[in-house]
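Below is one structure, written out as structure tokens; comments come after it.
Protein chains in written order, with the UniProt record's numbering: chain Y, 1 to 596; chain B, 1 to 313; chain F, 1 to 292.
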């Protein structure tokens with residue numbers, strides 16, 4: 001440290017009298033050296049180590065492309081056997097669809113409700129103390145790490161069969177993500193209005209409802225809608241552990257090898273996801289007054305239909321009120337102003353409010369929740385908890401389980417690196433400011449939406465036919481599924497970079513690729529690192545699910561222990577997953593801080 | 001690139017053509033004209049991965065099985081001189097598809113799964129079934145249960161009741177129970193209110209609570225854990241077969257039949273396999289007894305009677 | 001030189017004093033924001049805190065509303081020991097003191113009326129969501145305040161659709177909604193264009209005169225301070241360096257103010273030139289006089 005600092009000065013002094021060629025050396029010597037903090041170096045090395053580990057995992061998983069091509073005929077045979085896709089009876093279909101949507105919505109709303117206090121504790125600017133903040137953040141990570149599949153298995157023991165175990169599994173698991181996003185939104189608010197309310201003598205709760213809530217509401221609604229989409233897709237997997245709805249019917253169909261029906265239901269779920277995405281856009285636009293500038297499918301549809309996020313036209317209402325005011329005395333005018341005019345904004349808000357209320361009531365009704373369970377379940381709680389404690393390795397030994405966990409991590413790492421590579425290409429081309437033409441962008445966006453609509457479990461089953469049993473199928477299924485998410489996140493992040501530097505480079509005569517490499521990509525780098533860690537986190541949890549289809553790793557043990565009621569083993573495995581996810585989360589937080 | 005390797009190329013081409021020709025002749029002679037095997041090269045013999053590897057796929061049969069087959073794998077590897085790749089899954093569909101696609105050399109899955117795989121075109125042959133309890137036959141029981149204080153004593157009294165099954169694809173939790181109910185004159189769809197509990201222990205628990213289900217069915221291993229229910233009837237479910245792919249070479253098939261047909265845990269310990277002499281292995285493996293295709297005719301019969309979806313090809 | 005030292009301040013009638021700051025010191029990390037500052041304000045006074053940015057004006061104002069706690073010294077407002085108050089009593093006191101912010105600090109996504117109504121939160125209990133969370137009387141009062149600041153017609157517009165000047169007027173209406181006895185304003189026009197500035201400053205003064213409010217307002221422009229306030233309190237590096245009535249100051253006295261409040265000679269020169277031209281049109285004298 002002292003050496004490097006001293007050197008330039010000494011060199012500069014000695015170099016000063018000489019001219020010509022000497023000057024060049026002087027300039028180089030005089031130039032300040034790039035200083036990297038030890039922490040940055042450590043973080044960089046950790047990233048490199050993770051990439052190396054991912055590549056090693058990928059190589060060890062031994063995905064043999066020639067063999068896959070050779071086995072392609074198997075896939076053809078498989079699809080021939082599937083034959084014509086069939087659907088459930090229209091009546092059943094309608095009920096199952098409504099049930100699935102209702103159940104998922106109830107679960108998401110449950111999560112949203114309980115996420116509010118947790119987010120309040122977890123946000124740095126609202127937390128009552130550091131201890132609370134750590135507890136709040138930990139609660140989030142904890143709920144995220146406990147797989148909803150495990151929760152569903154537990155809840156069928158404590159609640160009536162039917163929708164409630166599913167709602168609670170979705171709800172409790174979703175608290176993890178929703179509370180985190182809620183807390184992040186709180187941390188990003190403008191502190192001013194809150195301060196103003198405090199200055200006016202408001203209580204903490206009033207500060208929250210009048211100062212914070214109005215600011216975070218748009219972001220919160222967007223989060224809830226996003227999570228609802230994820231939960232809708234996730235309900236497919238939950239069907240495999242007996243949560244009612246389309247997912248369960250699909251799992252029955254697949255288990256009895258009725259692929260024609262199974263894929264038919266999968267197709268319906270895909271369509272539902274697309275519809276939900278459109279509805280989300282409409283809600284965001286209409287309810288929150290956002291202009292449809294987002295890049296999602298629904299937004300584009302809206303733009304095409306000519307719907308704009310309308311703001312109140314100031315001239316419109318003020319002119320009307322002013323005209324009203326002129327005819328009356330001041331006091332009368334004030335009294336008259338008590339009645340809020342039925343302007344476009346109010347009409348729209350009222351309609352949407354009622355619609356949302358009706359949908360929620362409908363969801364609760366169709367889910368047919370056994371409210372009595374909330375009373376009776378306390379009786380089952382001690383008995384059920386006792387089944388899970390103390391944790392044990394069952395008839396396996398610790399090395400076996402740790403090796404299985406290692407395999408899960410390897411699958412997740414390998415899948416993540418594949419996803420990153422593919423997402424950089426597809427995600428970049430799906431970004432408006434990178435895509436060579438709008439058509440390419442639309443095409444790529446469509447690819448991303450389609451990928452997101454395919455349940456990974458189906459992907460994995462089809463892949464097994466091609467790759468054989470083992471980790472390959474699981475890895476490729478995760479990698480492909482991940483592209484849908486990471487590609488979208490990356491494309492959105494790239495579109496959000498500041499356009500200034502890009503324009504500057506274009507103005508300086510840079511080519512499209514140069515602009516991308518010189519301005520767009522560097523600005524998107526931070527987001528890529530953040531999203532990649534999120535992807536890794538998601539993949540570790542998803543890899544556990546792929547044990548369902550012989551994907552290898554700890555998932556098989558988890559599901560088998562669950563099916564075989566070895567709940568002490570379930571606890572052990574969940575703790576292992578929790579520790580791993582916590583480590584990834586800690587790494588991600590560290591990276592975010594270092595590469596700020 | 002252009003000149004010198006031409007000679008080598010020519011020999012390689014000649015060799016390839018020869019192989020193709022022999023393959024074509026072989027397939028003509030055997031009259032099993034499978035285009036895929038022709039392209040694969042030698043004959044209709046094939047492996048899931050390659051000739052040095054055996055792929056062993058497993059779906060646990062009984063629900064409380066904690067599959068610890070490692071000593072068996074080691075034994076197989078030692079005796080055949082091949083690497084054994086061991087894969088387990090909780091989903092029958094994945095394993096069945098792998099078997100149909102020829103991606104499994106040796107496997108162990110439930111009797112029902114075996115038939116389903118056969119019906120869907122898998123070319124596999126059963127060798128033996130694993131015995132886990134001294135002095136008992138391979139297999140386990142599907143039991144009809146009622147709450148401990150119930151007056152119900154026979155299956156025909158199940159009519160009109162809320163009946164807990166496991167799930168529609170469960171052998172001991174739905175198919176055998178459906179068959180038994182039909183035998184007792186009760187239609188498992190029309191005459192009762194079926195409730196699918198999803199898991200065996202849940203089915204047992206719900207019956208013991210006598211609220212969501214008044215009676216039900218589950219596997220014996222889960223039933224014994226809960227004193228809140230009693231058994232009024234039971235049926236033996238044929239044990240899961242160890243199967244091998246028909247595409248393996250004849251001598252290997254013979255060797256596998258010898259190895260796995262009638263082997264006891266003591267044989268494996270005597271062969272010097274590490275970890276074979278352990279409680280966790282004895283729990284899942286005591287010996288094998290040979291079985292053949294006819295052993296599963298009970299299940300075929302059930303297929304016919306219950307018209308289960310799985311039995312269709 | 002009519003300079004009022006701190007001894008004169010302590011000599012003022014304690015009964016009429018509504019704000020009493022004694023030897024307050026406050027540091028943020030290494031930065032000393034207030035360094036033994038003292039101040040006494042009588043009921044009905046219109047006081048300007050004058051100083052460059054970083055001189056401690058905002059910190060002092062925030063102490064008056066209990067938004068900061070002093071490291072040492074005491075702050076007494078309306079007879080209450082602000083620096084030791086907490087919970088309900090602190091909120092009750094805050095309710096009696098209105099605060100106007102430089103950045104307005106309105107909730108952008110709420111309507112103007114809802115923003116004004118948040119001024120009543122200290123008087124109601126519990127959280128309030130939406131317009132109908134407040135009773136009719138409160139809504140009517142809020143509309144009255146909006147009318148007072150000339151924005152009745154904009155009551156149902158979103159706050160972020162208003163211009164800066166309009167937003168600050170909403171900020172004033174919100175402070176009025178508290179029915180305050182004291183009005184604190186932290187650089188209320190620093191973010192506004194000159195025209196809106198004049199409107200807002202005039203409005204604050206008018207309302208203060210009408211309702212007999214005590215006002216403490218921080219500013220950094222000497223000419224505005226002189227023309228607007230009754231009394232100028234100068235701050236530099238967290239210390240009170242000047243305390244003088246604004247009226248009838250000689251040119252020398254004004255230069256003295258600049259000298260005490262501004263830091264560099266370059267700034268002083270620039271200000272002197274500006275002041276010279278202003279003096280020529282007799283701006284300062286005239287407006288200061290007419291405002292009284």
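No residue lacks a Cβ here, since even glycine has one placed at the ideal position from N, Cα and C.
For the stretch 248–259 of chain Y, residues whose beta-carbon sits nearer than 7 Å to a beta-carbon of chain B comprise 252, 254, 255, 256, 257, 258. At a cut-off of 9 Å between C-beta atoms, residue 334 of chain Y counts as an interface residue with respect to chain F. Of all residues in the stretch 143–164 of chain F, those with a C-beta nearer than 7 Å to a C-beta of chain Y are 143, 144, 147, 152, 153, 154, 155, 156, 157, 158, 161, reading in chain order. Straight through space, the alpha carbons of residue 534 of chain Y and residue 557 of chain Y are spaced by roughly 24 Å. Using a Cβ distance threshold of 9 Å, residue 223 of chain Y and residue 250 of chain Y do not count as a contacting pair.
When C-alpha distances from residue 169 of chain B are compared across B/192, B/260, B/75, B/90, the shortest belongs to B/90. Close CB contacts of residue 171 of chain F within its chain, under the 8 Å cut and outside five residues either way in sequence, are with 100, 101, 104, 105, 106, 188 (chain order).
Residue burial annotation: residue 402 of chain Y is exposed, with fewer than 16 other C-beta atoms found within 10 angstroms of its C-beta.
Under the Cβ distance rule, residue 210 of chain Y counts among the residues neighbouring chain F, one pair being separated by less than 9 Å. Here DSSP, grouped into helix, strand and coil, assigns residue 239 of chain F to strand. The beta carbon of residue 136 of chain Y sits closer than 6 Å to the beta carbons of 118, 121, 122 from its chain, once the five residues preceding and following it are set aside; these are given in chain order. Check the Cα spacing between residue 577 of chain Y and each of Y/490, Y/407, Y/46, Y/462: the tightest is with Y/407. Residue range 53–58 is occupied by the beta strand (DSSP E) that includes residue 57 of chain B. DSSP lists B/58 as the beta-bridge partner residues of residue 88 of chain B. In this structure, the alpha-carbon of residue 228 of chain Y lies about 7 Å from that of residue 105 of chain Y. Bounds of any alpha helix (DSSP H) do not take in residue 295 of chain B, whose DSSP letter is neither H nor E. Taking the CA atoms as reference points, residue 126 of chain F sits about 6 Å from residue 206 of chain Y. What residue 95 of chain Y touches in chain B, judged by beta-carbon distance under 7 Å, is nothing: the nearest beta carbon there is about 16 Å away.
If only uninterrupted alpha helix (DSSP H) runs of at least 4 residues are considered, those enclosed by the stretch 547–596 of chain Y are 554–563, 567–594. C-alpha of residue 353 of chain Y to C-alpha of residue 225 of chain Y: approximately 15 Å in a straight line. In the DSSP assignment, residue 163 of chain B is bridged to B/194, B/215. For the options Y/82, Y/160, Y/99, the alpha carbon positioned closest to that of residue 376 of chain Y is the one of Y/160. With respect to chain Y, the C-beta atom of residue 90 of chain F has a partner C-beta closer than 9 Å. By the Cβ neighbour-count rule, residue 177 of chain B is buried, with 16 or more other Cβ atoms within 10 Å of its own. Shown here for residue 264 of chain Y: same chain residues with a beta carbon closer than 7 Å to its own, the five before and five after excluded, namely 85, 86, 87 in chain order. Chain Y has a Cβ within less than 9 Å of the Cβ of residue 105 of chain F. If you check each beta-carbon in the stretch 112–132 of chain B against every beta-carbon of chain Y, the ones closer than 7 Å belong to 116, 120. Its Cα nearest to that of residue 181 of chain B, the residue B/157 stands out among B/204, B/157, B/135. Per DSSP, residue 382 of chain Y lies in no beta strand (DSSP E) segment; the continuous alpha helix (DSSP H) that holds it begins and ends at 373–388. Residue 168 of chain F sits away from residue 120 of chain F, with the two beta carbons spaced by 9 Å or more. CA-to-CA, the gap between residue 248 of chain Y and residue 143 of chain Y works out to about 24 Å. For the set F/112, F/257, F/255, F/238, the Cα lying nearest the Cα of residue 25 of chain F is the one of F/238.
With respect to the 9 Å criterion, residue 540 of chain Y and residue 595 of chain Y are not classified as neighbours on the basis of their beta carbons. Counting C-beta pairs closer than 8 Å gives fewer than three between the stretch 93–113 of chain B and the stretch 475–490 of chain Y, which falls short of the contact rule.
Residue 503 of chain Y is classed as exposed because its beta carbon has fewer than 16 other beta carbons within 10 Å across all chains shown.
Using a CB distance cut-off of 9 Å, residue 196 of chain Y counts as an interface residue toward chain F.
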